[in-house]
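Presented below is the structure to which this report refers.
Residue numbers (this note's numbering), protein chains in the order written: chain A, 1 to 226; chain B, 1001 to 1226.
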């Protein structure tokens, strides 16, 4: 499959997430391009076109088998190819990430957790023994780690990213508010816990009673990145 | 200030977040529309226009005072008006949200945490005593809670949202993968921990290249960038 444009990639990821949820709900199930389009605010003809690009053909009036569509995207996008990552910063957020069922869905296996706090080292986080930061580089090289998840204080983000990239890490999943610079070819994906807060605060800007005025659009879907 | 279009709202929130970080770095500092534009991938003339809409006028060659710009957006957007919220689901993710410095930046004060697990009730999470779910509705009504943060299992999201909205909650910050339906006038903001994972998996879809295992210090050369 040729390298996808960003907008196509984003749409396929959204279909995949939606289908994984639908397929999980009740199986076997079929789903139409209209329903997918309505749920994700994409034109149904665009859904069919995107699905066609990953080799999916829908049945007239019936649509697509949700599990099959999910698998087709999974394979086309390479989500079925497992890769290993590490967690740097073994705090609450790190723990929450480790428990996410989504990791497996995208082929990610987190194999180690590191923390600079000597009181955390040797303890466990979601089944992983927390390792000291001084062992980070040798671990990354030895285990050919491809992804590092940063859940550390902002000030540590750039120095740690530099270190990790120099050891061969190919992607940084950055949960800190810091901006991280990396060489060309390395991916940084910023992920913020609180991107929705501005919109919520804006919605609630008027005093309590006045806001109930029914003039604001309802459900707003997650804007993806930071 | 009239109700903002979604795109304008999004841009102002991004400026605000960026300025809060810049202003926090070193103070006092000035910042040009060009620098803001470059950092956020927005045309500098658009930055100046948006800033003008919230009453900000830049100085020639110097730009804007970062703190002043931050304050102007904060006031224009209503982020300076405090409101109260509750956490429903006192797990790791809930704990991570409670520790975020961003809450205060948008006027949110979380005043209570609820959990259905009787073993958690009475314990503490980031300074809050965990309350039993059976006390939820009376608490929400009594304290006129405006926002509920859902960090609970997906299956509980819709029933709890229904309950909370019936008690007067005006915004749901939904961290579950479930889709939540609410009446018009109530805001649902979906926030996912793992939206970036698809892009990362796609970036790493090709096998790790052998050359990297020999020359870690070399910048990785790939057609993909962040």
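Even for Gly, the Cβ is constructed at its ideal location relative to N, Cα and C.
A quick note: this is a predicted structure, and the numbers were derived from the prediction, not measured.
- Counting along the chain, the unbroken alpha helix (DSSP H) around residue 95/A starts and ends at 92-98.
- Residue state for residue 1114/B is assigned as strand, using DSSP reduced to three classes.
- In this structure, the CA atom of residue 29/A is about 15 Å from the CA atom of residue 16/A.
- Listed by position along chain B, the residues whose Cβ is nearer than 8 Å to that of residue 92/A are 1092, 1093, 1095, 1096 and 1099.
- For residue 1194/B, at least one C-beta of chain A is nearer than 8 Å to its own C-beta.
- Within the stretch 1029-1098 of chain B, the runs of alpha helix (DSSP H) that reach at least 4 residues and sit entirely inside it are, in chain order, 1033-1040, 1044-1053, 1066-1077 and 1092-1098.
- For residue 140/A, the enclosing alpha helix (DSSP H) covers residues 136-142.
- Where residue 171/A is concerned, the enclosing beta strand (DSSP E) starts and stops at 171-174.
- Following the DSSP letters along the chain, one finds residue 1128/B inside the beta strand (DSSP E) bounded by residues 1128-1132.
- Between residue 1152/B and residue 1164/B, the CB-CB gap reaches or exceeds 8 Å.
- Contact annotation for residue 1203/B against chain A: 171 and 187 [CB-CB distance below 7 Å, chain order].
- Residue 1127/B holds the alpha-carbon nearest to the alpha-carbon of residue 1099/B among 1050/B, 1127/B, 1123/B and 1077/B.
- For residue 206/A, the secondary structure class from DSSP, reduced to helix, strand or coil, is coil.
- Around the beta carbon of residue 49/A, fewer than 16 other beta carbons lie within 10 angstroms, which makes this residue exposed.
- Under the Cβ criterion (8 Å, minimum of three pairs), the stretch 1090-1099 of chain B counts as touching the stretch 86-106 of chain A.
- Contact with chain A is absent for residue 1136/B, since none of that chain's Cβ atoms lies less than 8 Å from the residue's Cβ.
- Cβ atoms of residue 14/A and residue 40/A come within 8 Å of each other, at about 5 Å.
- With contacts defined as CB atoms closer than 8 Å, residue 1109/B and residue 205/A fail to qualify as a contacting pair.
- Comparing alpha-carbon positions, the option among 1162/B, 1138/B, 1161/B and 1168/B lying closest to residue 1146/B turns out to be 1168/B.
- For residue 1071/B, none of the residues of chain A pass the 9 Å Cβ criterion, the least Cβ distance being about 15 Å.
- At least one beta carbon of chain B lies nearer than 8 Å to the beta carbon of residue 147/A.
- Going by DSSP, residue 165/A is part of the alpha helix (DSSP H) stretching over 154-166.
- Between residue 1129/B and residue 1150/B, the beta carbon gap of about 19 Å keeps them out of contact (Cβ cut-off 8 Å).
- When Cβ-Cβ separations below 8 Å define contact, residue 77/A makes contact with chain B.
- By the C-beta density criterion, residue 1060/B is exposed, having fewer than 16 other C-beta atoms within 10 angstroms.
- Under the DSSP assignment, residue 103/A falls in the alpha helix (DSSP H) whose first and last residues are 102-105.
- Residue 83/A reaches chain B at 1204, counting residues in chain order whose Cβ is nearer than 7 Å.
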